[in-house]
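Residue numbering for the sequence shown follows my numbering, starting at 94 and increasing by one per position. Below is one structure, written out as C-alpha coordinates; the observations come after it.
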Amino acid sequence: MTASPIPEGFRPFASRGRFTEKIGPLYYKEDGDSFVYGFLADESHTNGNGVVHGGMLFSFLDEVLGQIVWRSLDRQRCATITLNCDFVASAKPGDWIETRSEISRKGLAVVFVRGELLVRGERIMTADGIWKIIGK
(Lines of atoms letter the chains of each structure in order from A and count residues from 1; the text may use other names and numbers.)
(Lines give C-alpha, C1' and ligand atoms only; values in the text may rest on other atoms or scores of the structure.)
Protein backbone atom coordinates (compact mmCIF):
# COMPACT_ATOMS: atom_id res chain seq x y z
CA MET A 1 0.00 0.00 0.00
CA THR A 2 1.31 3.42 -0.94
CA ALA A 3 -0.45 6.03 1.13
CA SER A 4 -1.34 9.34 -0.46
CA PRO A 5 -0.42 12.34 1.65
CA ILE A 6 -3.11 14.62 3.02
CA PRO A 7 -3.53 17.21 0.23
CA GLU A 8 -2.35 20.74 0.90
CA GLY A 9 -4.85 23.03 2.56
CA PHE A 10 -6.78 20.32 4.40
CA ARG A 11 -7.08 20.60 8.18
CA PRO A 12 -8.31 18.07 10.75
CA PHE A 13 -12.07 18.12 11.19
CA ALA A 14 -13.13 18.71 14.79
CA SER A 15 -15.71 16.04 15.47
CA ARG A 16 -18.98 16.90 17.17
CA GLY A 17 -19.68 13.34 18.21
CA ARG A 18 -18.12 10.07 19.23
CA PHE A 19 -19.16 8.18 16.12
CA THR A 20 -17.38 10.64 13.84
CA GLU A 21 -14.20 10.14 15.86
CA LYS A 22 -14.44 6.39 15.20
CA ILE A 23 -14.56 6.76 11.40
CA GLY A 24 -11.83 9.40 11.17
CA PRO A 25 -9.63 11.16 11.13
CA LEU A 26 -11.54 13.39 8.73
CA TYR A 27 -10.26 16.59 7.11
CA TYR A 28 -11.71 19.69 5.47
CA LYS A 29 -10.69 22.80 3.59
CA GLU A 30 -12.46 25.94 2.52
CA ASP A 31 -12.91 26.26 -1.22
CA GLY A 32 -14.30 29.72 -1.87
CA ASP A 33 -17.76 29.82 -0.28
CA SER A 34 -17.92 26.06 0.14
CA PHE A 35 -16.10 23.28 1.98
CA VAL A 36 -14.45 20.11 0.74
CA TYR A 37 -14.07 17.16 3.11
CA GLY A 38 -11.80 14.15 2.83
CA PHE A 39 -10.12 11.25 4.56
CA LEU A 40 -7.14 9.02 3.93
CA ALA A 41 -8.40 5.43 3.80
CA ASP A 42 -6.46 2.95 5.90
CA GLU A 43 -6.80 -0.68 6.94
CA SER A 44 -9.29 0.21 9.69
CA HIS A 45 -11.75 1.35 7.00
CA THR A 46 -11.73 -1.91 5.01
CA ASN A 47 -14.05 -4.89 4.70
CA GLY A 48 -13.13 -8.56 4.31
CA ASN A 49 -12.33 -8.02 0.64
CA GLY A 50 -9.63 -5.45 1.44
CA VAL A 51 -11.51 -2.46 0.01
CA VAL A 52 -13.03 0.47 1.89
CA HIS A 53 -16.27 -0.71 3.51
CA GLY A 54 -19.46 0.68 1.98
CA GLY A 55 -20.67 1.57 5.48
CA MET A 56 -17.60 3.76 5.93
CA LEU A 57 -18.26 5.58 2.67
CA PHE A 58 -21.95 6.01 3.55
CA SER A 59 -21.13 7.25 7.08
CA PHE A 60 -18.54 9.71 5.78
CA LEU A 61 -20.95 11.10 3.20
CA ASP A 62 -23.78 11.36 5.75
CA GLU A 63 -21.50 13.27 8.13
CA VAL A 64 -20.11 15.71 5.59
CA LEU A 65 -23.37 16.37 3.74
CA GLY A 66 -24.88 17.12 7.15
CA GLN A 67 -22.04 19.58 7.78
CA ILE A 68 -22.67 21.24 4.43
CA VAL A 69 -26.39 21.58 5.16
CA TRP A 70 -25.67 22.81 8.72
CA ARG A 71 -23.33 25.50 7.37
CA SER A 72 -25.88 26.53 4.73
CA LEU A 73 -28.38 27.07 7.58
CA ASP A 74 -25.99 29.33 9.51
CA ARG A 75 -25.29 26.45 11.92
CA GLN A 76 -28.91 25.70 12.69
CA ARG A 77 -29.59 22.15 13.84
CA CYS A 78 -30.61 19.64 11.20
CA ALA A 79 -30.92 15.87 10.80
CA THR A 80 -30.85 13.38 7.94
CA ILE A 81 -34.31 12.35 6.75
CA THR A 82 -33.10 10.24 3.84
CA LEU A 83 -29.83 9.55 2.10
CA ASN A 84 -29.84 7.49 -1.10
CA CYS A 85 -26.45 6.34 -2.32
CA ASP A 86 -25.12 4.53 -5.36
CA PHE A 87 -21.79 2.75 -5.18
CA VAL A 88 -19.96 3.28 -8.47
CA ALA A 89 -16.44 1.97 -7.77
CA SER A 90 -14.33 0.85 -4.84
CA ALA A 91 -11.53 2.51 -2.89
CA LYS A 92 -8.60 0.89 -1.13
CA PRO A 93 -6.27 1.65 1.74
CA GLY A 94 -3.99 4.53 0.83
CA ASP A 95 -6.61 6.31 -1.28
CA TRP A 96 -7.48 9.93 -0.49
CA ILE A 97 -11.30 10.14 -0.68
CA GLU A 98 -12.97 13.54 -0.92
CA THR A 99 -16.37 15.07 -1.47
CA ARG A 100 -17.99 17.28 -4.02
CA SER A 101 -21.45 18.55 -3.10
CA GLU A 102 -24.14 21.12 -3.66
CA ILE A 103 -27.38 22.23 -2.07
CA SER A 104 -30.08 21.45 -4.63
CA ARG A 105 -32.92 23.27 -2.91
CA LYS A 106 -33.60 24.85 0.45
CA GLY A 107 -37.16 25.02 1.75
CA LEU A 108 -38.65 26.23 5.01
CA ALA A 109 -38.49 22.81 6.67
CA VAL A 110 -36.09 20.72 4.60
CA VAL A 111 -32.89 20.99 2.55
CA PHE A 112 -32.09 18.85 -0.49
CA VAL A 113 -28.42 18.10 -1.14
CA ARG A 114 -26.41 16.12 -3.68
CA GLY A 115 -22.93 14.79 -3.22
CA GLU A 116 -20.33 12.42 -4.51
CA LEU A 117 -17.11 10.83 -3.34
CA LEU A 118 -14.03 10.93 -5.51
CA VAL A 119 -10.67 9.15 -5.62
CA ARG A 120 -8.07 10.80 -7.88
CA GLY A 121 -10.92 12.73 -9.53
CA GLU A 122 -12.90 9.58 -10.32
CA ARG A 123 -16.39 9.14 -8.87
CA ILE A 124 -16.79 6.18 -6.51
CA MET A 125 -20.16 7.03 -4.92
CA THR A 126 -23.09 9.37 -5.53
CA ALA A 127 -25.81 10.49 -3.14
CA ASP A 128 -29.02 12.47 -2.88
CA GLY A 129 -30.30 13.43 0.53
CA ILE A 130 -32.91 15.39 2.43
CA TRP A 131 -32.19 17.04 5.78
CA LYS A 132 -34.83 18.26 8.21
CA ILE A 133 -34.35 21.73 9.67
CA ILE A 134 -34.89 21.35 13.42
CA GLY A 135 -36.74 24.15 15.21
CA LYS A 136 -36.82 27.63 13.82
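C-beta atoms are modelled at their ideal positions from N, C-alpha and C, and glycine is treated no differently.
C-alpha gap between residue i and residue j, whole angstroms
i: Tyr120; j: Ala202; result: 29 Å
i: Ile227; j: Gly148; result: 26 Å
i: Arg164; j: Glu136; result: 31 Å
i: Met94; j: Gly200; result: Summary for Met94: the model assigns pLDDT 48, below 50, so the residue's position carries little reliability, and this model does not support an answer.
i: Cys178; j: Asp167; result: 26 Å
i: Glu215; j: Glu101; result: 19 Å
i: Asp221; j: Arg207; result: 5 Å
i: Val204; j: Ile174; result: 10 Å
i: Glu114; j: Asn142; result: 24 Å
i: Asp124; j: Arg109; result: 22 Å
i: Asp126; j: Gln160; result: 14 Å
One or two residues paired with residue i in a DSSP bridge
i: Arg111; result: Answer is none; Arg111 lacks a bridge partner.
i: Leu176; result: Gly222
i: Leu201; result: Partner(s): none; Leu201 has no beta bridge.
i: Gly131; result: Tyr120 and Glu191
i: Ile99; result: Ile99 pairs with nothing; no bridge assigned.
i: Val145; result: Thr139
i: Ile196; result: Val206
Under 8 Å between C-beta atoms of residue i and residue j
i: Val162; j: Asp188; result: no
i: Phe106; j: Tyr130; result: yes
Beta-carbon contacts of residue i that lie in its chain and below 8 Å, excluding the five residues immediately before and after
i: His146; result: His138, Thr139 and Asn140
i: Val144; result: Ser183, Ala184 and Lys185
Per-residue DSSP class, three states only, for residue i
i: Glu156; result: helix
i: Val181; result: coil
i: Ile161; result: helix
i: Ile217; result: strand
i: Leu210; result: strand
Contacting residues, own chain, Cβ-Cβ under 7 Å from residue i (five flanking each side not counted)
i: Ile116; result: Met149, Ser152 and Phe153
i: Ile99; result: Tyr120 and Leu133
i: Ala172; result: Trp224, Lys225 and Ile227
Any non-hydrogen atom of the ligand NAP closer than 7 Å to residue i Cβ
i: Gly117; result: For the ligand NAP, the structure offers nothing, since it holds no ligand at all.
6 Å CB neighbourhood of residue i in its chain, flanking five on each side removed
i: Phe128; result: Tyr121
i: Glu209; result: Arg193, Arg216 and Thr219
i: Glu195; result: Arg207
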